[in-house]
Each structure stands twice: as structure tokens, then as C-alpha cells.
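Taken in order, these protein sequences are the chains called A and B. Counted from 1, the first sequence has number 99 at position 99 by UniProt numbering; the numbering is strictly sequential. Counted from 1, the second sequence has number 92 at position 92 by UniProt numbering; the numbering is strictly sequential. Below is one structure, written out as C-alpha cells, with a few remarks after it.
There are 2 protein chains.
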Amino acid sequence: MAEDNTVRRPGGRSARVRAAVHHAVTELVAENGYGNFTIGDVATRAGVADSSIYRRWGSLESLTSDVAVTLLTTSSPIPDTGSLDSDLRGYAAGVARDISGPDGLAVLRLAMALSQGGAIGADARDRFIDERRRQIQQMLDRAATRGEKPPAALDILDHLLAPLYIRILFGMGPLTPDYIDSLVDRLLAAFHPKSVQR
Amino acid sequence: MAEDNTVRRPGGRSARVRAAVHHAVTELVAENGYGNFTIGDVATRAGVADSSIYRRWGSLESLTSDVAVTLLTTSSPIPDTGSLDSDLRGYAAGVARDISGPDGLAVLRLAMALSQGGAIGADARDRFIDERRRQIQQMLDRAATRGEKPPAALDILDHLLAPLYIRILFGMGPLTPDYIDSLVDRLLAAFHPKSVQR
């Protein structure tokens, strides 16, 4: 099914190649673990020439990084609803939906894979985390501009994303709407007290 | 170095075999990913006969589960200091120390491995999570007996363990004492308000 969607995705040959190569990397990381496949394996599975991959991405590390950034930035878009409360709830619900799906652990697998990849892998991982942090920071900056008092981007990682990821990682789903809302409630109560002075 | 310690560990041949087999599984999961090695591979690396492993553990799933439970229960002992505050700080510091080490991601890798292992893997994962939850619950029950108002075990997973794991997973260390203390502070403030009535 995913193959089918991928092949029919609009955008011409270049976009089709990119989608097929990304899909192959995600599968190979899941099946073999990072370090246990080559650019040749990716090319075979994606049905493209090795040289196309080398020309476009240069190395397996930078290809893996591209896959990770794409997964993170296209899978759970950051809402802009006009209030931090509903932005956070919408974002958390989107993340929960994505990581509960069949490729739910792909981002975590890629993050772990890159962490094992030495300096180049670490650099790639930093880039994809920075991209996500930048997007979250924009949401928080919009809230601050409106006069709201947002938490820091790292607080969202620690108290919203981390619990969602770990619950899925340990197979402790499903991530119910009530559970997700309770995480957002706590985050807002801890970092954005409305009436309580402490 | 680890090999050396393992081999010299006291407890006779049975304990030495167990340690060598556990070490081999941890390495193979890290190097190959779960599903990409057999009991024969474990036996070869540990220097024991296949039949010893089958006799003792029965299957790769139950062996992997045993390794995961052992890692979780021996690596970060739960303190009993007489106060919830210092129990939590000691426990969090121990977890942070363990996951910051060279085998830091082993528990996460094993958890992900078991999650991919179908029904038998899921059952094994549940057993190792239940064991850890039981230990944490004992710490919380001791606090309740002393008249303290502890958070729930799942709150400790969500707001103490999850951020520590995700920070390491995403290579966002080091886990400084100040950072760890801030997580404990928030947990206690959110679930164990001392003077603030809300």
C-alpha cells in the first residue's frame, strides 16, 4: 500500500525516487538496524541505481539524516490555531497518531541509528533535532507575541514528547485523548500558571 | 574489559555462563538488531553450546526477556533512604548514570526489540516492565506509609524516566545533576504539593 502511494505520488521522477529511497531506508533500519545495510541495498530495494543515491545524498549518513528530518517535519505538522493551549493539544494529538501507526517507531529507530553512527551520525541527528526544535520554538514565539507565557521548547520535549515516545516504545499504548490532554494540562499548569502565584 | 569482568564474576560455572550469554545478547541486539541473530550466534559469541542455551532459556524471546529484566533490575537499584524526596533523587541519579554509560541504550534497544517480537516478545516486555513498576511501587508505598503523598508509578515513568531516556536517545546529554534535580523538583511540585492548595 505504501509502495503504491509512493509510486503514484505527484512531483515527477525526482520526487518518486526520493520517496522510494526514503521508504527503503525506513524499512532497512527497522529490519536490519543501522550499520547492517549499504547504499547498494537501499538502491536495490528502491529500484534505483547506486549512482543516483551517491549523486543526491553523498553518504548513507546524510541520506539517513534526510529521512529522519523528513519524517519529523512532515509527519506531525505544528498547528497555528491562535492559542498555545489548542496548538499544543493539536500537536500532541498529531504526534500520538503518527507514532501509534505502523511506522511509529521509525523516528526513534533513526535517532538511535544516528546516535550509533559516530561523528557524522551525531551531526545528522543534531540537524534533525534542531529543525524540530526550531518549529516548536516558532509556535512558542507566536504564543509569547500574543502575551501568553509559553514553556521552553525543551520542556515540551521532556514532558510531552518524551512520555508519548516512551509509552509507545514500551508498548504501553493506546495513547488515549484523555491521556494526551492530561500531559498538556500538566505542562500548562507547571509552566504557565494562570491564577496561582508561586 | 566487560568481558574480563564477566568471566571473573563469582558464582561458579552456571553464573559465568549466564553472564557470558547475557553479554552476547546485549552486543548482538546492538550490532545486528533483534531478529537478525539466532541462538546459535549467541552460543558462538558466548563460547557455550547451543544446547545449554535451549535447556536454560527455551527460546530467544525468553532469553532476551531475561536479559532485559536483569538489566533493569540490577542496573539502577531503588533506594530506601527514609524519604521520598531522596529516594527519587537517588533513583534518578542512578538511572542517569546507567543510561549515560557505554551500554546506556541497551535497555531501550531491548524494549524495542521485544516490541517487534510479536506476542511472545510483547509478553516478555510486559514482564520486565511489570517487574520495574513493582519495585517503583514499593518505593511509593513506603512513602505513603510514612504519611507522604507520592505520585503514581506511571507519573515517574512519564516525567522522570521518559525525559532521561529521550535525552540520551537523542544524544542531548550530559544529564547534569542540576537537570536531574529539576525533573524531581517538578514531579514533587506537581504531585506532592506541600503548602500550595489548588
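For each residue, glycine too, the CB sits at the ideal point set by N, CA and C.
Near Y54 (chain A), what residues of its chain come up, given a Cβ to Cβ distance below 7 Å and the 5 sequence neighbours on each side ignored? Translated into the one-based positions of the first sequence, residue 54 (chain A) becomes position 54. Hits under 7 Å: I39.
Taking a Cβ distance cut-off of 8 Å, strictly less, list which residues of the region 155-166 of chain A are near chain B, in chain order. L157, D158, H159, L161, A162, P163, Y165 and I166
May I ask you to report which of helix, strand or coil DSSP gives I78 (chain A)? Your numbering for residue 78 (chain A) matches position 78 in the first sequence. The answer is coil: DSSP assigns I78 (chain A) none of H, G, I, E or B.
Does chain B have any CB closer than 7 Å to the CB of A111 (chain A)? The count along the first sequence starts at 1 and reaches residue 111 (chain A) at position 111. It does: the Cβ of A111 (chain A) has a partner Cβ on chain B nearer than 7 Å.
Same chain only: Cβ atoms within 8 Å of P177 (chain B), ignoring 5 sequence neighbours per side: Indexing the second sequence from 1 puts residue 177 (chain B) at position 177. A93, listed in sequence order.
Taking 7 Å as the threshold (beta carbon to beta carbon), is R89 (chain A) in contact with chain B? As a working note, residue 89 (chain A) is residue 89 in the first sequence. No, its Cβ sits nowhere closer than 7 Å to a Cβ of chain B.
Taking only beta-carbon positions, decide if R132 (chain A) is within less than 7 Å of chain B. As a working mapping, residue 132 (chain A) is identified with position 132 in the first sequence. With 7 Å as the cut-off, R132 (chain A) does not count as an interface residue toward chain B.
Contact the region 142-152 of chain B vs the region 140-159 of chain A: 3+ CB pairs below 8 Å: no
7 Å Cβ cutoff, L71 (chain B) in contact with chain D: Here the protein chains are A and B, and chain D is not one of them.
Determine whether the beta carbon atoms of L88 (chain B) and V184 (chain B) lie at a separation below 7 Å. Translated into the one-based positions of the second sequence, residue 88 (chain B) becomes position 88. Translated into the one-based positions of the second sequence, residue 184 (chain B) becomes position 184. Their beta carbons are under 7 Å apart, which means L88 (chain B) touches V184 (chain B) by this criterion.
Take the Cβ of S182 (chain B) as the centre, count every other Cβ of all protein chains shown within 10 Å, and call the residue buried at 16 or more, exposed below. Indexing the second sequence from 1 puts residue 182 (chain B) at position 182. Classification of S182 (chain B): exposed, given that the 10 Å Cβ count is below 16.
Terminal residues of the alpha helix (DSSP H) in which N36 (chain A) lies: As a first step, residue 36 (chain A) is located in the first sequence; it is residue number 36 there, counting from the start. Per DSSP, N36 (chain A) belongs to no alpha helix (DSSP H) and is neither H nor E.
With DSSP run on the structure shown, which of helix, strand or coil describes P177 (chain A)? For the purposes of this step, residue 177 (chain A) is identified with residue 177 of the first sequence, where counting begins at 1. P177 (chain A) falls in the helix class under three-state DSSP.
Does the beta-carbon of R132 (chain B) have 16 or more other beta-carbons within 10 angstroms, so that it is buried, or is it exposed? Indexing the second sequence from 1 puts residue 132 (chain B) at position 132. Its Cβ being crowded by 16 or more others within 10 Å, R132 (chain B) is buried.
Whole angstroms are fine: how far does the CA of V42 (chain B) sit from the CA of E27 (chain B)? As a position in the second sequence, residue 27 (chain B) is number 27, starting the count at 1. As a position in the second sequence, residue 42 (chain B) is number 42, starting the count at 1. In a straight line, the C-alpha of E27 (chain B) is about 9 Å away from that of V42 (chain B).
P102 (chain A), DSSP secondary structure in three states: In the first sequence, counting from the first residue as 1, residue 102 (chain A) sits at position 102. Coil at P102 (chain A), not helix or strand.
Would you identify the three-state DSSP class for F128 (chain A), choosing helix, strand or coil? Within the first sequence, numbered from 1, the residue matching residue 128 (chain A) stands at position 128. Three-state result, F128 (chain A): helix.
Closer than 9 Å by beta-carbon distance: list the chain A residues that pair up with I129 (chain B), in chain order. As a first step, residue 129 (chain B) must be located in the second sequence, where it is residue number 129. Correct list: F170, G171 and M172.
Quick check: the Cα distance between L111 (chain B) and A111 (chain A), rounded to an integer number of angstroms? For the purposes of this step, residue 111 (chain B) is identified with residue 111 of the second sequence, where counting begins at 1. For the purposes of this step, residue 111 (chain A) is identified with residue 111 of the first sequence, where counting begins at 1. Reading off the sequence shown, one finds Ala at residue 111 (chain B), where the question assumed Leu. Distance between the alpha carbons of A111 (chain B) and A111 (chain A): 15 Å.
Can you pull the chain A neighbours of R186 (chain B), defined as C-beta to C-beta under 7 Å? Here residue 186 (chain B) corresponds to residue number 186 of the second sequence, with the count starting at 1. The answer, in chain order, is A190.
CB-CB under 6 Å to E139 (chain B), same chain, minus the five flanking residues each way: which ones, in chain order? Residue mapping note: residue 139 (chain B) aligns to position 139 of the second sequence, counting from 1. The question names Glu, but residue 139 (chain B) is Met in the sequence shown. Within the same chain, M139 (chain B) has close Cβ partners I78 and D87.
Under 7 Å between C-beta atoms, does R45 (chain B) make it to chain A? Locating residue 45 (chain B) in the second sequence gives position 45, where the first residue counts as 1. Not one chain A Cβ lies under 7 Å of R45 (chain B).
Per-residue contacts from R125 (chain A) into chain B (C-beta, under 8 Å): As a position in the first sequence, residue 125 (chain A) is number 125, starting the count at 1. Here the neighbours are F170 and G171.
Would A153 (chain B) count as contacting chain A if we go by Cβ distances under 7 Å? By one-based count along the second sequence, residue 153 (chain B) stands at place 153. No, no contact with chain A.
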